[in-house]
DNA sequence: CGGTTTTATAACCAGATGGTTTTGTAGCGT
DNA sequence: ACGCTACAAAACCATCTGGTTATAAAACCG
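Protein chains in written order, with the numbering used here: chain A, 1 to 118; chain B, 1001 to 1118.
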C-alpha cells in the first residue's frame, strides 16, 4: 500500500480547516471564495489548504470562467480506511477478552501475521 | 467528534516510521530498542516518534526495570475511521452512478445532510 | 476600454517537525 | 562499587507548515 499516498492523505487530514473543507465539498462543488467564506482566514490561506488537498488527490478542480470549482475526490480516503482496517480488531470491544485469552497462551495479538503495511 | 483528537491522530499517522512502529506493536509490546532496531535512525529519533504517538494516545508505556515497554492503544484509530466512514459513499463504486443520477436531479450528493464533522 | 471579481503567486514570518549528536540518569549484573 | 544497558533530555540544525500582506493575472461586466 503506497506509503507516500498515506503520508499525503493523513497529513492533509491532520488539519481541521482542511477537514472542514472536505465536509463542505460533500454538499457538492464549490468555488474558492465559497469555501473561504465560513473561515476567519484570508483567501490565499484557503488557496494554500486547497493546494495541499489537491496534491493529496482529495480535491480536483475544474474551470468556470474565473472560477476554479473544487470537487471532492474521496479515493485516497479509501486507502486510508483500508490501512486503518488492519487495526480494527485492536479497538473492538471483544478485543479486551480476546487479548487476555491469547496472552495466557503466550501469544502476541490477534491475527499477528506480516502486517508490515497492513 | 473532538477535533484535536483527530488532529493528533492523523498527524501521528502521517509519518511512515510511526506507522511502521504501530504495525510492529500489533505483534505485541516492545521496548524502545526493539522498536528502533529495524530503522536506520538513532535511538533518540525513535524516542521522539514514540512521544508523538504517546501524545496522540496511540501508544502507552509500562515499566520493566530500565525498559519502558510500548503497547498499542488503538482507540484513537476508531475515532479516525469513524470520521472517515462519513465519506464512505463518496468512494464506493456505486457512487459514480448514484452521483450521476442525483446530478441530473440537480442534487448535491448522497446523504448531503449536515455532515459538518461527519 | 476600464473596473470588478476570482484566483494564484510571491515574499515573509513564527513556530512545528524530523533528524542529529551529546550528555545525563536509572537500574541491572557481577 | 563498577560498568553496562536502556532510555530520556538538551541543544542544535534544516526544512516544512500555517498563516499573513501585497501584487499580479485572467476573465467577466458595463
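Backbone N, C-alpha and C define an ideal beta-carbon position, used for all residues, glycine too.
1) Skipping 5 residues on each side, what residues in its chain have a beta carbon closer than 8 Å to that of residue 8 of chain A?
2) Using only the alpha-carbon positions, how far apart do residue 1088 of chain B and residue 43 of chain A sit?
3) Return the CA-CA distance between residue 1050 of chain B and residue 65 of chain A, expressed in angstroms with no decimal places.
4) Are residue 1010 of chain B and residue 14 of chain A closer than 7 Å when you measure CB to CB?
5) Sorted by chain position, which residues of the same chain lie with C-beta nearer than 7 Å to residue 16 of chain A's C-beta, five sequence neighbours on each side aside?
6) CB of residue 63 of chain A to nearest heavy atom of the ligand COA: below 6 Å?
7) Of the choices A:19, A:29 and A:5, whose alpha-carbon is the least far from that of residue 140 of chain A?
8) With a threshold of 7 Å between beta carbons, is residue 112 of chain A in contact with chain B?
9) Give every residue of the same chain whose Cβ lies closer than 7 Å to the Cβ of residue 24 of chain A, excluding the five residues on either side of it in the sequence, and list them in chain order.
10) Mind pulling the chain B residues with CB within less than 8 Å of residue 7 of chain A?
11) Exposed or buried, which one is residue 1116 of chain B when buried takes at least 16 other CB atoms within 10 Å?
12) Under a three-way DSSP split, which group does residue 64 of chain A fall into?
13) Closer than 8 Å, Cβ to any Cβ of chain A: which residues of the segment 1070-1086 of chain B, in chain order?
14) Can you have a look at residue 12 of chain A and say buried or exposed, based on whether 16 or more other CB atoms are within 10 angstroms of its CB?
15) With a cut-off of 7 Å, does the C-beta of residue 1010 of chain B fall near any C-beta of chain A?
16) What is the DSSP secondary structure of residue 1058 of chain B, counted as helix, strand or coil?
17) Give the single residue among A:20, A:26 and A:4 whose Cα lies nearest to the Cα of residue 37 of chain A.
18) First and last residue of the alpha helix (DSSP H) that includes residue 1090 of chain B?
19) At what residue ranges does the segment 1004-1064 of chain B contain a whole run of the beta strand (DSSP E), taking only runs of 3 or more?
20) What does residue 72 of chain A pair with, by DSSP beta-bridge criteria?
21) Using the Cα positions of residue 48 of chain A and residue 70 of chain A, report the straight-line distance between them to the nearest angstrom.
22) Does the distance from the CB of residue 90 of chain A to the CB of residue 1080 of chain B come in under 7 Å?
On the basis of the data shown:
1) 55, 56, 57 and 76
2) 29 Å
3) 49 Å
4) yes
5) none
6) This structure simply doesn't include the ligand COA, nor any ligand for that matter.
7) Summary: the structure shown does not reach residue 140 of chain A, with chain A confined to residues 1 through 118, and so no result is reported for it.
8) Only weak support is given to the placement of residue 112 of chain A: the predicted model assigns it a pLDDT of 48, under 50, and the value that follows is read from those uncertain coordinates. So, interface residue.
9) 30 and 35
10) 1014, 1015 and 1016
11) Reliability of the predicted coordinates at residue 1116 of chain B is poor, the pLDDT of 43 falling under 50, and no value is obtained from them.
12) strand
13) 1072, 1074, 1075, 1077, 1078, 1080, 1081, 1083, 1084, 1085 and 1086
14) buried
15) yes
16) coil
17) A:20
18) 1088-1091
19) 1059-1061
20) A:59
21) 13 Å
22) no
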